[in-house]
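Numbered by the working numbering, the letters in the sequence shown go through residues 163 to 316 in order. Have a look at the structure below before the remarks.
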Amino acid sequence: MTQAIDKSKLFRSAWQIARHTAMGLDLTPECARQFFGAALRRAWREARAEAAAPVAPKTAKLLFLPGTRRYPVWLARITGRDPRFGLAREFLRGTNVHETGPRVIGPRVRFDVELVEGAVFQDQTKDFYVVRDGELVEVRRHEPAYAAIQASFA
Numbered sequence: 163m164t165q166a167i168d169k170s171k172l173f174r175s176a177w178q179i180a181r182h183t184a185m186g187l188d189l190t191p192e193c194a195r196q197f198f199g200a201a202l203r204r205a206w207r208e209a210r211a212e213a214a215a216p217v218a219p220k221t222a223k224l225l226f227l228p229g230t231r232r233y234p235v236w237l238a239r240i241t242g243r244d245p246r247f248g249l250a251r252e253f254l255r256g257t258n259v260h261e262t263g264p265r266v267i268g269p270r271v272r273f274d275v276e277l278v279e280g281a282v283f284q285d286q287t288k289d290f291y292v293v294r295d296g297e298l299v300e301v302r303r304h305e306p307a308y309a310a311i312q313a314s315f316a
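Given below as structure tokens:
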């Protein structure tokens with residue numbers, strides 16, 4: 163998918179390239195006009211390459227306290243209905259990390275989740291995470307949306 167090229171950003175980039183070229187040749191920034199044509203061609207080339215590059219999918223990061231051997235931490239993508247277990251799940255692999263921050267200190271298990279609209283995830287507490295409008299929304303068991311999610315996979 164190609165992105166639109168912002169022309170004002172393109173011209174700012176071209177002037178920046180021209181000034182940088184002039185300064186590299188020990189000229190004053192006012193002499194940058196001489197290099198503007200070549201700088202504009204270079205800026206167009208870079209902008210086209212950037213617009214044609216594939217866009218990386220958005221991801222969200224979920225941190226959980228590490229579980230025990232008996233009750234491990236898990237996160238699964240719900241893929242449909244399963245006759246034996248109720249919901250068919252695709253389990254995601256978490257990464258053990260040691261986070262430090264204002265509210266997070268100590269070992270954690272991190273799950274990097276790709277934000278695809280309508281995707282549903284479930285964790286070890288049986289709560290759901292739903293991707294809505296590009297955001298990951300937590301749905302707890304006591305909320306009315308919880309029953310709606312389970313019914314959608316019936």
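Cβ atoms here follow ideal geometry from the backbone N, Cα and C, with glycine treated the same way. None of these values were measured; they are calculated from a predicted model.
>> Between the alpha carbons of D285 and V275, how many angstroms are there, rounded?
In response: 12 Å
> Taking just the CA atoms, how far does V259 sit from L225?
Replying inline: 9 Å
> For the candidate residues A176, T241 and R207, whose alpha-carbon lies nearest to that of A215?
Replying inline: R207
>> Within the continuous alpha helix (DSSP H) that includes P306, where are the two ends?
In response: P306 to S314
> What separation, rounded to the nearest whole angstrom, lies between the Cα atoms of T183 and R251?
Replying inline: Looking at the two C-alpha atoms, the distance is approximately 56 Å.
> Taking buried to mean at least 16 other C-beta atoms within 10 Å of its own C-beta, is V299 buried or exposed?
Replying inline: The C-beta of V299 has fewer than 16 other C-beta atoms within 10 Å across all chains shown, which makes the residue exposed.
> Going by C-alpha distance, which of L189, A194, D188 and K220 is nearest R294?
Replying inline: K220
> Does the separation of the CB atoms of V277 and A222 fall below 8 Å?
Replying inline: According to the sequence displayed, residue 277 carries Leu and not Val. Judged by beta-carbon spacing, A222 lies within the 8 Å limit of L277, meaning their Cβ atoms are closer than that value.
> In three-state terms, what does DSSP make of L227?
Replying inline: coil
>> Can you tell me whether G186 is helix, strand or coil according to DSSP?
In response: helix
>> For the stretch 195 to 209 against the stretch 230 to 250, do three or more pairs of beta-carbon atoms, one drawn from each stretch, fall closer than 8 Å, so that the two count as touching?
In response: Cβ pair count under 8 Å is below three, so no.
> Hey, would you say D289 sits closer than 8 Å to R272, going by beta carbons?
Replying inline: no
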